[in-house]
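Numbering (full-length UniProt numbering), first residue to last: 1 to 182.
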Ligand code: 5GP
Ligand code: MG
């Protein structure tokens, strides 16, 4: 829990997210059309809502797996050293893989994870992030598909937390601290 009182201002509506996912899935479908060996890999925990909506919009035979990398912890600052806290259950050698992330910020997380997965010799490796903050980049990384580019704001909702709260908001909002008593 944050000790400082804050409010959440809506930034991207649930409707806008759904429309963007439909458009993204048409492109993803074109890329993977004909494959019967696609594994969709969600990065825990922030991508769990996004991957749920994404796979239900994808008319392809898929498997789903999850990987957890170290992240912000309970704060608002990125850690540059990425550690794997929970690895995939399945092997991906020779498989088509789509990695699903909530936000690309400094780029360290997806850069590290895609390098690790590439070393396991998948047939094809692609990545998608719902949100991208290009102004924050520290390593040169670009996801193959991005939902929305956003400015350098701390966001929550649609799976994304602030100190583990607010993941269940149906929209993306930004945290605004308010001064004085709540
Ligand atoms: P990276 O800096 O490695 O690109 O991103 C690290 C992680 O920080 C991402 O997996 C993402 O979940 C998280 N992150 C980046 N920006 C935000 C944000 O605005 N809000 C929250 N809650 N997490 C973020
Ligand atoms: Mg994350």
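All C-beta atoms, glycine included, are put in the ideal place defined by N, C-alpha and C. These numbers come from a predicted model, not from an experiment.
For residue 146, the shortest C-beta to heavy atom distance toward the ligand MG is 7 Å or greater. When DSSP reads this structure, residue 129 sits in a beta bridge with 101 and 146. Residue 178 places its beta carbon 8 Å or farther from that of residue 167.
The alpha carbon of residue 151 has as its nearest neighbour, out of 143, 145, 165 and 133, the alpha carbon of 133. For residue 66, there is no enclosing alpha helix (DSSP H); the enclosing beta strand (DSSP E) covers residues 62 to 69. Taking non-hydrogen atoms of the ligand MG into account, the C-beta of residue 35 is found less than 7 Å away from none of them.
The shortest CA-to-CA distance from residue 16 to any of 163, 4, 30 and 53 is the one to 53.
Relative to the non-hydrogen atoms of the ligand MG, the Cβ of residue 173 never comes closer than 7 Å to any of them.
DSSP places residue 84 inside the beta strand (DSSP E), whose first and last residues are 84 to 86.
Three or more beta-carbon pairs drawn from the region 98 to 116 and the region 35 to 43 are found closer than 8 Å, and the two stretches are therefore classed as touching. Not one heavy atom of the ligand 5GP lies closer than 7 Å to the C-beta of residue 12. Judged by DSSP in its simplified three-state form, residue 22 adopts helix.
Residue 131 is positioned such that its CB atom lies no closer than 8 Å to that of residue 157. Judged by DSSP in its simplified three-state form, residue 37 adopts coil rather than helix or strand. Shortest Cα-Cα distance from residue 81 to any of 88, 90, 69 and 87 involves 69. Look at residue 116: its beta carbon is at least 7 Å from all of the heavy atoms in the ligand 5GP. Residue environment for residue 118: exposed (fewer than 16 other C-beta atoms within 10 angstroms of its C-beta).
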